[in-house]
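See below for the structure under consideration.
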Amino acid sequence: KQWYQRRVRGRGDQYQGVAFTEKLCAVSIVRAGEVMETAVHSIVKDISIGKILIQTCHETGEPALHYLRLPYSIANMHIILMDATLATGAAAMMAIRILLDHDVPEENISFVCMIASKPGVQAIAYAFPRVRIIMGELDPDIDEMFHICPGLGNFGDRFFGTG
Numbered sequence: 004k005q006w007y008q009r010r011v012r013g014r015g016d017q018y019q020g021v022a023f024t025e026k027l028c029a030v031s032i033v034r035a036g037e038v039m040e041t042a043v044h045s046i047v048k049d050i051s052i053g054k055i056l057i058q059t060c061h062e063t064g065e066p067a068l069h070y071l072r073l074p075y076s077i078a079n080m081h082i083i084l085m086d087a088t089l090a091t092g093a094a095a096m097m098a099i100r101i102l103l104d105h106d107v108p109e110e111n112i113s114f115v116c117m118i119a120s121k122p123g124v125q126a127i128a129y130a131f132p133r134v135r136i137i138m139g140e141l142d143p144d145i146d147e148m149f150h151i152c153p154g155l156g157n158f159g160d161r162f163f164g165t166g
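Structure representation (structure tokens):
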């Protein structure tokens with residue numbers, strides 16, 4: 004059972020709530036996924052954080068793994084895989100494949116992003132039907148530079164001021 008009821012006390016009031024009983028791990032796809040780490044950590048204080056650096060080749064759109072740091076017991080955890088955007092789905096699919104290669108069950112992975120393209124969502128849903136996809140906004144397409152349309156350009160460059 005993943006949830007249990009508990010009485011929660013906050014600011015002098017009590018209310019009935021639920022708590023997650025399984026171990027959680029947030030894995031950010033560096034660099035844009037890192038912008039969500041602070042928010043996740045503020046909600047789940049003892050969450051383990053992993054990192055996957057996947058960079059997409061601008062000429063081909065293909066992803067390449069450059070760095071990997073995952074908790075030792077990740078196979079027994081529920082994963083919140085974070086990236087700010089989901090354009091083609093290539094980097095997210097590579098990250099999911101890495102998690103599966105580390106024995107994380109597909110149904111234990113939730114991919115979270117702020118904005119996604121329809122083709123990217125379709126690619127992940129087709130390749131990994133048991134992975135949950137949680138997004139803030141869905142845009143219809145991607146352009147020839149592999150950016151979401153209408154989208155917002157390169158999120159990492161905008162957020163970190165490197166564009």
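Position in the sequence shown (first residue = 1) + 3 = the numbering used here. Where is the CB? At the ideal position from N, CA and C, for every residue including glycine. Computed from a prediction, not measured in an experiment: that's the story for all the values here.
Who does Val107 pair with in a DSSP beta bridge?
-> Among the bridge pairs identified by DSSP, Val107 is matched with none.
Alpha carbon to alpha carbon, how far is Ala87 from Ala95? Give it in angstroms, no decimals.
-> Straight-line Cα distance between these residues: approximately 11 Å.
Measure the Cβ-Cβ separation of Ser120 and Ala90 and say whether it is below 7 Å.
-> It is a contact, given that the beta carbons lie within the stated cut-off.
Do Pro122 and Ile145 come within 7 Å of each other at the CB atom, strictly closer than that value?
-> Yes, these two residues count as a Cβ contact at 7 Å.
Determine the burial state of Cys116: buried for a count of at least 16 other Cβ atoms within 10 Å of its Cβ, exposed for fewer.
-> Cys116 is buried by the Cβ-count criterion.
Quick one, which of Ala78, Ile118, Pro132 and Ala130 has its alpha-carbon nearest Asp106's?
-> Measuring from the Cα of Asp106, the nearest candidate turns out to be Ala78.
Under three-state DSSP, which class holds Gly92?
-> Coil at Gly92, not helix or strand.
In terms of alpha-carbon separation, which member of Cys152, Ile52 and His69 lies closest to Ser31?
-> Residue Ile52 is the option with its Cα nearest to Ser31.
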